[in-house]
Amino acid sequence: MKFVLILLAAGAAFAQTPSAPNGRKLFARFGCYQCHQREAQGAAATGPRLGPHPIPFGNFVKYVRQPAGQMPPYTAKVVKDGELADIYAFLQSLPEPAPVKEIPLLR
Amino acid sequence: MSRPNRRNFLKGAAATGAAAMVPVSRPAGAQETRPSKISAPSAAAREAENGAAASGVEVLTADRPGGDFMVEVLKSLGFEYVCANPGSSFRGLHESIINYGGNRNPEFITCCHEESSVAMAHGYAKIEGKPACVFAHGTVGLQHAAMALYNAYCDRAPVYMIVGNAVDAASRRPGVEWEHSVQDAASMVRDFVKWDDLPASLPHFGESAVRAYKIAMTPPMMPVLLVADLDLQENPHPEAWPRIPKLTLARPPQGDSGSVAEVAKMLVDAEIPVLIAGRVARTPAGMKALLELAETLQAPVIDQNERMNFPSRHPLNQSSSRGLIAQADVIVGLELTDFWGTVNSFRDQVHKSSRRLTKSDAKLVSITTGDLYLKSNYQDFERFPEVDVAIAADAEETLPALTEAVKRLLSADRKRAFEQRGVKFAAAHQKALEAARVEASYAWDASPISTARMASEIWAQIKDKDWSLVSGGGGWPSRLWAFDKHYQHIGGAGGAGVGYGAPASLGAALANRKYGRLSVTIQNDGDLMYAPGVLWTAAHHNIPLLSVMHNNRAYHMEVMHIQRMANRHQRGIENAGIGTTLVDPNIDYATVAKGMGVYAEGPILEAKNLGPALQRALAVVEKGEPALVDVVTQPR
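Chains A and B are the protein sequences, given in the same order.
Each step along the first sequence adds one to the number in this note's numbering, with nothing skipped, and position 94 is 457.
Each step along the second sequence adds one to the number in this note's numbering, with nothing skipped, and position 385 is 393.
Encoded structure:
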């Protein structure tokens, strides 16, 4: 419900509830993972981590459509608003990692 | 001294016929030949020169070919290895290496591609601090080798190349030898070798060989090339060997004292001076010198990882803090490839734009031998940097004088300010390390395996050993591993020519072998596919190297470029994988490696299986053999 409200607040009207599983597929299909990696964990050289806890949806859409940095633009002709909503749902659904102190190789 | 050729070979051979009748013996102490030693002709050769064997019977054997003298020259220069794919245009030299020279110092390393030969020498040089020799055909071999030469040129690494060529058309064998001959062999690569020559006689060869070595080893170091005429290699030389000139390396230029004093004052007065290191540490002394300057000033260092310039866990290492560029009031660029790109951002959209990152009043200083040597055709010199002080000198050689000049200017007040600055940067360094660990924890158990997980698994296996990461040192290793020795990282290709990683790693591992170091490489899949025969070379010569495949099943950088174009043109990126990916079928690198005689495991898809696979592979490497673990990874 919270997410639907956010979408409405962002001025987007979607007929269906965004789908995180479909968003995962779209994240791969649209090549988002090439820079941001398959779990959206990011890579220092190519693109930042996107989730969990992505930036607000409105800012997300705005940046994807009209990026201020190096990212190539994804226009509505290429990725529809509803598809962006699914991708956003995927980013929101990503799990928190285990704390570093619980990962022996990172201690 | 006239140069013998094959037209008078029968006459010369007849004259040396008696020599041919006796077993060929290597001159005593050949391997210990000193630079200026002149070896005397054998008694048989002297007898032959007096015409004792003029019997009229065709003489089919000969003593003392010119190639033997060339080997004497190579030995005098201290070469340990010749990396080569065999070729008829240097058959005389090849035979002299393995028989006259005893295949030791230099030893012939069998390569399966000339690009691999040069790249092996490139990697070797960055560990050993001196060149390895490369042989190749002057035509088809040099064409294969060209890209690797360009990498070494851009990476300021010395490679010593000798190419064979049959100069005298009248003595060429019909057929292939004509295709393998050329008027000016070096012309094809002259834009990216530092010096070349076509010696016309053995004395000329000796002099040019020593000159070439000196030129290659004078910063900025680069490849050099000699053309060894086929007749010169093969024809007998009954006279005493020519004298080999004494080699004295040129001392690299140090910055002039006035400029050094000026920069020292700028650094002492600065609130946030930033030292940026490109290819500073040519030797272990370079890292120590940079360390001393940074600690004296308590100044942050940004290491661009083109050499092992600065310890990764040192509190003043601020390499992950690009924001520092914007805060600095003095920036000293030390042997930077791209100073302009360091202090400017560039946006690759339809309308390309750039923005200066520094404060408007920040002072920029460059210290680089790049100002001393430049060629015009290939554009590796990058965009013109506007600096306030440009010291045309070797940074490693200049740093000690700069540090001393800084120390002379230190006051108690400035020392206190420096200490406070050091405390601040130490905290920032620790914070960056903790942040890197947190970032690494995301997608920790993902499949394909995250590159952070792969780097962490490798580090767990090697951190207590005497290790050397011979390729793939950027990214997560530089953020998570503790680099503190000169040989633990050697930088990249230089010219970004794909196909460098696998052979250069092997060349570096060859250099590391005699020191007992554990050589590890993070091997890109696309890179290995350029010349996978290098795996066979590793197995054949028992070169211990752990290759951990960063197998993202793509030429990933190119995927991103195509994606950028497709998005720019609003055509969707569904086709971006065409021509850029290595799938359908997926390449089974473990099977490829096994076929070359290399122990291998994989493909590893699950992170939990990686550690044990690395342990088993390491056990093989520690026995003195190569091993490969194929890890299917996330893109970056």
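Backbone N, C-alpha and C define an ideal beta-carbon position, used for all residues, glycine too.
1) Please list the terminal residues of the continuous alpha helix (DSSP H) segment that includes residue 76 of chain B.
2) Could you list the residues in the stretch 304-328 of chain B with a C-beta less than 9 Å from some C-beta on chain A, going in chain order?
3) Residues in the stretch 133-151 of chain B with C-beta within 7 Å of chain A's C-beta atoms, listed in sequence order?
4) Compare the C-beta of residue 469 of chain A with all C-beta atoms of chain B and state if any pair is closer than 8 Å.
5) Beta carbons nearer than 8 Å to chain A: which residues of the stretch 236-249 of chain B have them?
6) Between which two residues does the beta strand (DSSP E) carrying residue 558 of chain B extend?
7) Of the residues B/342, B/390 and B/547, which one's Cα is nearest the Cα of residue 698 of chain B?
8) Rounded C-beta distance between residue 568 of chain B and residue 409 of chain A? I'm assuming under 8 Å.
9) CB-CB under 6 Å to residue 536 of chain B, same chain, minus the five flanking residues each way: which ones, in chain order?
10) I need the straight-line Cα distance from residue 3 of chain B to residue 572 of chain B, nearest angstrom please.
11) Quick one, which of B/243, B/165 and B/245 has its alpha-carbon nearest residue 229 of chain B's?
12) Roughly how many angstroms separate the alpha carbons of residue 596 of chain B and residue 540 of chain B, rounded to a whole number?
13) Closer than 8 Å by C-beta to residue 361 of chain B: which residues in its own chain qualify, once you throw out the five before and the five after it? Chain order, please.
14) Is there a C-beta anywhere in chain B that falls below 8 Å from the one on residue 429 of chain A?
15) May I have the straight-line CA-CA distance separating residue 195 of chain B from residue 216 of chain B, to the nearest angstrom?
16) Starting from the C-beta of residue 118 of chain B, find all residues in its chain whose C-beta is less than 7 Å away, skip the five residues before and the five after it, and write them out in chain order.
17) Buried or exposed for residue 257 of chain B, please, with buried defined as at least 16 other CB atoms from any protein chain shown within 10 angstroms of its CB.
18) Please report the residue range of the alpha helix (DSSP H) in which residue 385 of chain A lies.
19) Return the CA-CA distance between residue 57 of chain B and residue 73 of chain B, expressed in angstroms with no decimal places.
20) Does any CB atom of chain A fall closer than 8 Å to the CB of residue 581 of chain B?
21) Roughly how many whole angstroms lie between the Cα atoms of residue 44 of chain B and residue 251 of chain B?
22) Apart from the five residues on each side of it in sequence, which residues of its chain come closer than 7 Å, Cβ to Cβ, to residue 97 of chain B?
23) Counting only Cβ pairs nearer than 8 Å, list the residues of chain B close to residue 412 of chain A.
24) What are the start and end residues of the alpha helix (DSSP H) that includes residue 96 of chain B?
25) Could you tell me whether any Cβ in chain B is nearer than 8 Å to the Cβ of residue 387 of chain A?
26) Return the Cβ separation of residue 201 of chain B and residue 161 of chain B in integer angstroms, given the expectation that the two are a contact with Cβ distance under 8 Å.
27) In its own chain, which residues sit with a C-beta less than 7 Å from the C-beta of residue 415 of chain B, not counting the 5 before and 5 after it?
28) Strictly under 8 Å for the Cβ-Cβ distance: is residue 446 of chain A near chain B by that measure?
29) Give every residue of the same chain whose Cβ lies closer than 6 Å to the Cβ of residue 225 of chain B, excluding the five residues on either side of it in the sequence, and list them in chain order.
30) Mapping the DSSP letters down to three states, classify residue 290 of chain B as helix, strand or coil.
31) Around the Cβ of residue 459 of chain B, are there at least 16 other Cβ atoms within 10 angstroms (buried) or fewer (exposed)?
32) If we define contact as Cβ-Cβ less than 8 Å, is residue 426 of chain A a contact residue for chain B?
33) Between the C-alpha atoms of residue 177 of chain B and residue 170 of chain B, what's the straight-line distance to the nearest angstrom?
34) So what does DSSP say about residue 44 of chain B, is it helix, strand or coil?
35) Can you tell me whether residue 115 of chain B is helix, strand or coil according to DSSP?
36) Which of the three DSSP states, helix, strand or coil, is assigned to residue 629 of chain B?
Result, derived from the coordinates:
1) 74-84
2) 328
3) So nothing in the stretch comes that close.
4) yes
5) none
6) 554-559
7) Any answer about residue 698 of chain B is impossible in this case: the structure gives chain B only from 9 up to 644.
8) Indeed they touch by this definition, with Cβ atoms about 7 Å apart.
9) 510
10) Outside the modelled stretch of chain B, which goes from 9 to 644, sits residue 3 of chain B, for which no answer is possible.
11) B/165
12) 12 Å
13) Non-local beta-carbon contacts of residue 361 of chain B in its own chain, meaning distances under 8 Å to residues more than five positions away in sequence, involve 354 and 355 in chain order.
14) no
15) Per the coordinates, the alpha-carbon of residue 195 of chain B lies some 17 Å from the alpha-carbon of residue 216 of chain B.
16) 545 and 548
17) exposed
18) 383-392
19) Bear in mind that a pLDDT of 46 at residue 57 of chain B, under 50, signals an unreliable position, so the number given afterwards is only what the model happens to contain. Taking the straight line joining both Cα atoms gives about 14 Å.
20) Closer than 8 Å to some Cβ of chain A, the Cβ of residue 581 of chain B qualifies, so yes.
21) With a pLDDT of 40 at residue 44 of chain B, under the threshold of 50, the modelled position of this residue cannot be trusted, and the question is left open.
22) 145, 146, 172, 173, 174, 188 and 238
23) Chain-order list of chain B residues neighbouring residue 412 of chain A: 447 and 450, by C-beta distance under 8 Å.
24) Counting along the chain, residue 96 of chain B falls outside any alpha helix (DSSP H), and DSSP gives it neither H nor E.
25) no
26) The C-beta distance from residue 201 of chain B to residue 161 of chain B rounds to 7 Å, short enough to meet the 8 Å contact threshold.
27) 304
28) no
29) Excluding positions up to five away in sequence, the list reads 166 and 257.
30) coil
31) buried
32) no
33) 20 Å
34) With a pLDDT of 40 at residue 44 of chain B, under the threshold of 50, the modelled position of that residue is not reliable, and the figure given next carries that caveat. Three-state DSSP puts residue 44 of chain B in coil, outside helix and strand.
35) Three-state DSSP puts residue 115 of chain B in a strand.
36) helix
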